[in-house]
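Colleague: Sending over a structure as structure tokens; questions will come in a sec.
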Amino acid sequence: MTKKIFQYMVAFVTILLLWQLTSVFFDKNFLPSPITALQAFVELLGGRELLRHLWASCYRIVIGTLIGLIAAMPIGLLIGCNKKIDDYFGKIFDILYPIPKVVFLPIIVVCLGIGDEPKIFLIALVLFFQLSLTIRDAVRHIPMELINSMEALNPNRFQYLSHLVIPSCMPEIFSALRGTLGISTALLFITENFASITGLGYFITKSMDARRFEDMYAGILSLALLGVVLYVLIHLIERKVCRWKCLETIDKDE
Amino acid sequence: MLELKNISKSYGKNESMVLKDLSLEFDEGNCLAIVGGSGCGKTTLISIIAGIIEPSEGEVFFNGKNIKNIRDDIAVVFQGYGLFPWKTVRKNVILPLQLKHEKSEYHLADKIIEDLGLYEVRNSYPSQLSGGQKQRVALARALMAKPKLILLDEPFSAIDPILREKLCSKFRTYFKENDIMVVLVTHSVKEAAYFGDKILVLGNEENTGKILDNNLAGKMGTPEVRAIHNIIKKAMLGGG
């Protein structure tokens, strides 16, 4: 654990050093040094504005992710467990999945207004497709040996799901959640720049338009921090929920 | 009594038959060993007896009832053990009780965990266990279902020879003492001869099966036992 923390510290310092070198090399006011940006970040955290935007973004991404996950669970399980349903409805997912959902943002804003709803909806929509397909595939790949083993115990449908299907899908769900975090954060930035007056996306663009580059970087750092905190949070929950999988990974690493 | 009536199984429309018109009757309290080479349909047969897969033709009865109606009386230990990797040893073992909502019986699971020498690893996950420990967990879980018939699919294949003999002997005694009928599937002639009061030999062709009586079950290493080994081998090759 201590070794891992040290590795992260080294990575963090390396990033700061690269940033510092780039800043010195270009010597432009739109690329301040990391120290200047960090100072602005700390100062702005003392005030209320940045925190207000940070909270708005945090709320949208967390609620959007939760709604996407809650909606994807039953659908993914249904199409994963039932071949006939997958044959018909699964194809709808296959067609709609590659379409970039962000193109529907104007329509979503017209329908849901300019508040939190369209941002949350878009994040939930993107995650819903991603997670539904992940869960479907995870269900399809449950080892036959475990299916036979569970069927030999003669469980009812609920027991089959709760003791076999859901736990076996959990590692893939967490992996997909981590993988989509970058997409969710990017979507958040885009949606907060479209008919919005709150959120880190809005704050970053507004600061850039006003040539307040230190503030802009403070906003970027906040968004990055939000991403990192959520990533760590997902990782910690995964370690708790999928302890068995983490132990397997540790054993392999060793 | 376990009765297999005219069991045939083929996969797909144009595939060859894995099992062909197999019939046998087998008394309670005994051990039946099914022996044969790879691909002869041993695992298919055990899955049919377990009610996990349907035969293309024929039916299986246990104590006069179709096995479809008495699934709770049958437990299976699969070749790869089929332990759920997300459950600890104890949680794997209590699962049959949990599914039947028999919380008051959990102490039986703790007792069997101790009896099978798994107390030290009761909170470990399957990935942290050795082959022998996994095998004992799978067996403990099967016993928790309180079966009248237990089906063992190559249960000793991943265990080193010394431990294998020890466990073979231990489990055979346990099943006899607890009056549990056992069907053991194996590719090992030695294991079949040790375990089976009756031995069903499945060849690679004409899988109607050949049943041999074995009066030397539970014994090892004598010339008579070695003679039985030769009889089984001959039957496997189709010459017996």
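As they're listed, the protein sequences go chains A and B. Numbering that gives the first Met the number 0 numbers the first residue of the first sequence as 0 and each following residue consecutively. Numbering that gives the first Met the number 0 numbers the first residue of the second sequence as 0 and each following residue consecutively. Glycine included, each C-beta is placed from N, C-alpha and C at the ideal position.
Taking only beta-carbon positions, decide if S161 (chain A) is within less than 8 angstroms of chain B.
Modeller: It does not; no Cβ of chain B falls within 8 angstroms.
Colleague: Within this structure, are the beta carbons of I189 (chain A) and V101 (chain A) separated by less than 8 angstroms?
Modeller: The answer is yes: Cβ separation under 8 angstroms.
Colleague: Could you name the residues of chain B that A137 (chain A) contacts, counting a contact when the two beta carbons are closer than 9 angstroms?
Modeller: Neighbours of A137 (chain A) on chain B: none; closest Cβ ~13 angstroms, over 9 angstroms.
Colleague: Please report whether the beta-carbon of R70 (chain B) lies at a distance below 8 angstroms from any beta-carbon of chain A.
Modeller: So yes, R70 (chain B) belongs to the interface.
Colleague: Taking only beta-carbon atoms, is I112 (chain B) less than 8 angstroms away from chain A?
Modeller: So, not an interface residue.
Colleague: Regarding T42 (chain B) and the ligand GDP, is the C-beta to nearest heavy atom distance less than 7 angstroms?
Modeller: As presented, the structure is devoid of all ligands, the ligand GDP included, so that no description of it is given.
Colleague: If you draw a straight line from the alpha carbon of L1 (chain B) to that of G35 (chain B), how long is it in whole angstroms?
Modeller: Their Cα atoms are separated by approximately 20 angstroms.
Colleague: With a threshold of 8 angstroms between beta-carbons, can I198 (chain B) be considered close to chain A, or not?
Modeller: No, because no Cβ of chain A sits closer than 8 angstroms to the Cβ of I198 (chain B).
Colleague: Counting pairs of beta carbons, one from the segment 151-170 of chain B and one from the segment 155-171 of chain A, are three or more of them closer than 8 angstroms?
Modeller: Touching, no.
Colleague: Is it a yes or a no for the segment 214-221 of chain A touching the segment 34-45 of chain A, going by three-plus beta-carbon pairs under 8 angstroms?
Modeller: Judged by Cβ distances under 8 angstroms, the segment 214-221 of chain A makes contact with the segment 34-45 of chain A, as three or more pairs qualify.
Colleague: Can you say whether Y193 (chain B) is buried or exposed, counting buried as having 16 or more other CB atoms within 10 angstroms of its CB?
Modeller: By the 10 Å Cβ count, Y193 (chain B) comes out buried.
Colleague: Check whether the segment 63-71 of chain A and the segment 122-130 of chain A touch, using three or more Cβ-Cβ pairs below 8 angstroms as the test.
Modeller: Yes, they touch.
Colleague: Does the beta carbon of P73 (chain A) sit closer than 8 angstroms to a beta carbon anywhere in chain B?
Modeller: Not an interface residue.
Colleague: For the segment 22-51 of chain B, which segments carrying the alpha helix (DSSP H) assignment without a break, of at least 4 residues, lie completely within its bounds, in sequence order?
Modeller: For the segment 22-51 of chain B, whole alpha helix (DSSP H) runs of length 4 or above, ordered along the chain, are 41-49.
Colleague: Report yes or no: is there a C-beta of chain B within less than 8 angstroms of the C-beta of S221 (chain A)?
Modeller: No - not a single Cβ of chain B is within 8 angstroms of the one on S221 (chain A).
Colleague: Taking 6 angstroms as the limit between beta carbons, can you name the residues of its chain near P117 (chain A), skipping five residues before and five after?
Modeller: Once the five neighbours on either side are set aside, the close Cβ partners of P117 (chain A) are I107, V108 and L111.
Colleague: State the DSSP-derived secondary structure class of M180 (chain B), mapped to helix, strand or coil.
Modeller: M180 (chain B): strand per DSSP, three-state reduction.
Colleague: So is Q132 (chain B) in contact with chain A if we call contact Cβ pairs under 8 angstroms?
Modeller: No, Q132 (chain B) lies away from the interface with chain A (no Cβ there is under 8 angstroms from its Cβ).
Colleague: Compute the Euclidean distance between the alpha carbons of V200 (chain B) and I210 (chain B), then round it to the nearest angstrom.
Modeller: Between V200 (chain B) and I210 (chain B), the C-alpha separation is close to 6 angstroms.
Colleague: Taking its Cβ as the centre, do 16 or more other Cβ atoms sit within 10 Å of G11 (chain B), making it buried, or is it exposed?
Modeller: Exposed: under 16 other Cβ atoms inside 10 Å.
Colleague: Smallest Cα separation from A144 (chain B): which of B:I111, B:S126 and B:E119?
Modeller: The shortest C-alpha separation from A144 (chain B) is found at B:I111.
Colleague: For S148 (chain A) versus F77 (chain B), is the C-beta spacing smaller than 8 angstroms?
Modeller: Yes, these two residues count as a Cβ contact at 8 angstroms.
Colleague: What is the DSSP secondary structure of D159 (chain B), counted as helix, strand or coil?
Modeller: The answer is coil: DSSP assigns D159 (chain B) none of H, G, I, E or B.
Colleague: Can you tell me which of the three DSSP states G238 (chain B) falls into?
Modeller: Bear in mind that the predicted position of G238 (chain B) carries a pLDDT of just 48, short of 50, making it unreliable; the figure below should be weighed with that in mind. Looking at G238 (chain B) - three-state DSSP - the assignment turns out to be coil, as it is neither helix nor strand.
Colleague: What residues of chain C sit near V184 (chain B), judged by a beta carbon separation below 7 angstroms?
Modeller: Judged by its chain identifiers, the structure shown contains no chain C, and its protein chains are A and B.
Colleague: Does DSSP classify N206 (chain B) as helix, strand or coil?
Modeller: Because the pLDDT at N206 (chain B) is just 48, under 50, the model does not fix this residue reliably, and the value given afterwards should be weighed accordingly. If DSSP states are grouped into helix, strand and coil, N206 (chain B) belongs with coil.
Colleague: So which of B:S129, B:D26 and B:W85 has the shortest CA-CA distance to I198 (chain B)?
Modeller: Comparing Cα positions, the closest option is B:D26.
Colleague: Secondary structure at K27 (chain A), three-state DSSP: helix, strand or coil?
Modeller: Residue state, collapsed to three classes: coil.
Colleague: Relative to chain B, which residues along the segment 110-135 of chain A have a C-beta separation below 7 angstroms, given in chain order?
Modeller: Flagged: no residues at all.
Colleague: Given a threshold of 16 other Cβ atoms within 10 Å of its Cβ, counted over all protein chains shown, does K27 (chain A) qualify as buried or as exposed?
Modeller: That one is exposed.
Colleague: Cutting at 6 angstroms between CB atoms, please list the residues of its own chain near S167 (chain A), excluding the five before and the five after it.
Modeller: So the qualifying residues of the chain are I141.
Colleague: Could you spell out where the beta strand (DSSP E) holding I149 (chain B) opens and where it closes?
Modeller: Residues L148 to D152.
Colleague: Hey, is G36 (chain B)'s beta-carbon within less than 8 angstroms of any beta-carbon in chain A?
Modeller: G36 (chain B) does not count as touching chain A.
Colleague: Would you check if the segment 185-199 of chain A and the segment 136-150 of chain B touch, i.e. whether three or more CB-CB distances between them fall below 8 angstroms?
Modeller: No, they do not touch.
Colleague: Would you list the residues sitting across from D212 (chain B) in a DSSP beta bridge?
Modeller: Paired residues: B:K197.
Colleague: Taking 8 angstroms as the cut-off, decide whether the C-beta atoms of L199 (chain A) and S183 (chain A) are in contact.
Modeller: In this structure, S183 (chain A) does not lie closer than 8 angstroms to L199 (chain A) by Cβ.
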